[in-house]
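S.K.: Below is the structure I would like to discuss, written out as structure tokens.
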Amino acid sequence: MIQDAVLNAATKEWNSSSVGWIHEILDALPYWARFVELQSQKVFLNARMKEDLGKGNPDMLSYIDAEGCFGCNHCIRVIAENTALSVEKERKIGSRFYQVRNVPIKDQSGKLYGVLETFVDITQKKELEETLIRNKIKLDRDLDFSRLLQEKILPNNQHFAHVLLDYIYRPSEILSGDMFDIFELQKGEYTGMYISDVVGHGVSASLLTMFIRQTMRALKDESVSPAEILKRLHKKFSDLDLEADKYFTIVYAVYNHKTKVLRYANGGHICMPILSRQDGTIDILEGSGYPISSLFAQVTFQEEEILVHADDRLLLYTDGLLEAKGEDGEQFGMERLLHVVRETKLDTNIIRNIDLALRLFAQDKQKDDFAMMKIRFI
397 MIQDAVLNAA
407 TKEWNSSSVG
417 WIHEILDALP
427 YWARFVELQS
437 QKVFLNARMK
447 EDLGKGNPDM
457 LSYIDAEGCF
467 GCNHCIRVIA
477 ENTALSVEKE
487 RKIGSRFYQV
497 RNVPIKDQSG
507 KLYGVLETFV
517 DITQKKELEE
527 TLIRNKIKLD
537 RDLDFSRLLQ
547 EKILPNNQHF
557 AHVLLDYIYR
567 PSEILSGDMF
577 DIFELQKGEY
587 TGMYISDVVG
597 HGVSASLLTM
607 FIRQTMRALK
617 DESVSPAEIL
627 KRLHKKFSDL
637 DLEADKYFTI
647 VYAVYNHKTK
657 VLRYANGGHI
667 CMPILSRQDG
677 TIDILEGSGY
687 PISSLFAQVT
697 FQEEEILVHA
707 DDRLLLYTDG
717 LLEAKGEDGE
727 QFGMERLLHV
737 VRETKLDTNI
747 IRNIDLALRL
757 FAQDKQKDDF
767 AMMKIRFI
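Note that the sequence shown covers residues 397 to 774 in the numbering used here.
Structure (structure tokens):
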């Protein structure tokens, strides 16, 4: 900056012959500048400062009233209090903000000679900063509201007619890309349940979770076939014509209360559902399928089914659980998850046990969204 160059030149070597050329340099500056001699208290104002003083500039007059321009009380105080250090601060003068810099000047013998003071108008910068701060506050409020709304639309931990629901929902940021839901179908003859994971985080991911929830609720009674519902979900998503980097995975299951059969389909969700039986055995509900993405024009989904019994527990979860890393960088992984499931007794809260194991492993350092829902069949 010109200001730094002038100050460096002025402080490098000072003697009585320096006065003339430093005055010329200060006169060339486009902002206020002045030099004050310590002994005589003579004040040199540069051309810009004289011009504004002559025009009756309200900011200049305000500064004169506050500091006594020709007595230069502020400059003298800087020399007295800061015998070897320059001082830089922001000051409001009149209606504008200035970056004021004061540099004590020594002569060749090392004695204090005077002080050089410059004023750079930073009003526009301050106004921009204040605007950014206001916008940041508004954005934070909007994000907080969005987070609250996203949490409010999650299903309550509640007792349905034929299943019990419990879950953990923990975004890595204010907003999450994970979404899950549970609802009754066909006048209560079936229960539908799903969990989905949108790629990415933040606002765009959270908006897609809203799309998933609303679309699944709109489609739920059109068919009791999970594969068919995922096919229609894919069509609705493709109609949005979003960019290829916007996609999500999902696993959707439908429980028939009369036959006790659970049918499910997988839309690219790598976290396979876990069915923990009341007799202690565990089934991994394997499945494959394409993610819900505009990259694939025509897709079909494979549908599987399995018989469940009273007190069996189904776990649906997102990859933030398996990919959580410990201190050594190792992932939590499927084996640790299955170990916790095996060690959890039927009458124990399996969701809380998994959450505790994950927290201990990752030392409460969460880098990805994490959600898990437990459905207990009754």
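Each residue gets a CB set at the ideal place from its N, CA and C atoms; glycine is no exception.
From the DSSP output, read off the bridge partner residues of W428.
M.R.: Paired residue(s): F515.
S.K.: When the Cα atoms are used, what is the spatial distance from I533 to K521?
M.R.: Roughly 18 Å between the two C-alpha positions.
S.K.: H705 to K656, Cα distance in whole Å?
M.R.: In a straight line, the C-alpha of H705 is about 7 Å away from that of K656.
S.K.: What did DSSP end up calling S592 once you bin it into helix, strand or coil?
M.R.: Correct three-state label for S592: strand.
S.K.: Given a cut-off of 7 Å on the beta-carbon distance, is the pair V650 and R659 in contact?
M.R.: Yes, these two residues count as a Cβ contact at 7 Å.
S.K.: Can you look up E775 in the DSSP assignment and give me helix, strand or coil?
M.R.: For residue 775 there is no data in the structure shown, the boundaries of the chain being 397 and 774.
S.K.: Skipping 5 residues on each side, what residues in its chain have a beta carbon closer than 8 Å to that of A720?
M.R.: Cβ neighbours of A720 beyond the five flanking positions: Q727, F728, L754, F757, A758, Q762, K763, D764, F766.
S.K.: Below 8 Å, how does it come out for the stretch 734-746 and the stretch 690-703: are there three or more Cβ pairs, yes or no?
M.R.: Result no; under three Cβ-Cβ pairs closer than 8 Å.
S.K.: Taking the alpha-carbon positions, what's the E484 to S491 distance?
M.R.: Each residue's Cα considered, the two are about 20 Å apart.
S.K.: Just mark D708 as buried or exposed, buried being the case when its beta carbon has 16 or more other beta carbons within 10 Å.
M.R.: The residue in question, D708, is buried, as its Cβ has 16 or more Cβ neighbours within 10 Å.
S.K.: In angstroms with no decimal places, state the Cα-to-Cα distance between T611 and I678.
M.R.: Spanning the two alpha carbons is a distance of roughly 32 Å.
S.K.: CB-CB under 7 Å to T714, same chain, minus the five flanking residues each way: which ones, in chain order?
M.R.: Around T714: D574, I591, D593, C667, D765, F766, A767.
S.K.: Start and end of the beta strand (DSSP E) containing A661?
M.R.: 657-663 is the span of the beta strand (DSSP E), which, as asked, contains A661.
S.K.: Checking the sheet assignment: what are the DSSP bridge partners for Y686?
M.R.: Beta-bridge pairing links Y686 to no other residue.
S.K.: So, for E846: in the same chain, excluding its five sequence neighbours on each side, which residues have a beta-carbon less than 8 Å away from its beta-carbon?
M.R.: Only positions 397 to 774 of the chain appear in the structure, and residue 846 is not among them; the question remains open.
S.K.: With a 10 Å radius around its C-beta and 16 neighbouring C-beta atoms as the bar for buried, classify K741 as buried or exposed.
M.R.: K741 is exposed by the Cβ-count criterion.
S.K.: Alpha carbon to alpha carbon, what distance is there between E701 and S600?
M.R.: Cα-Cα distance, rounded: 34 Å.
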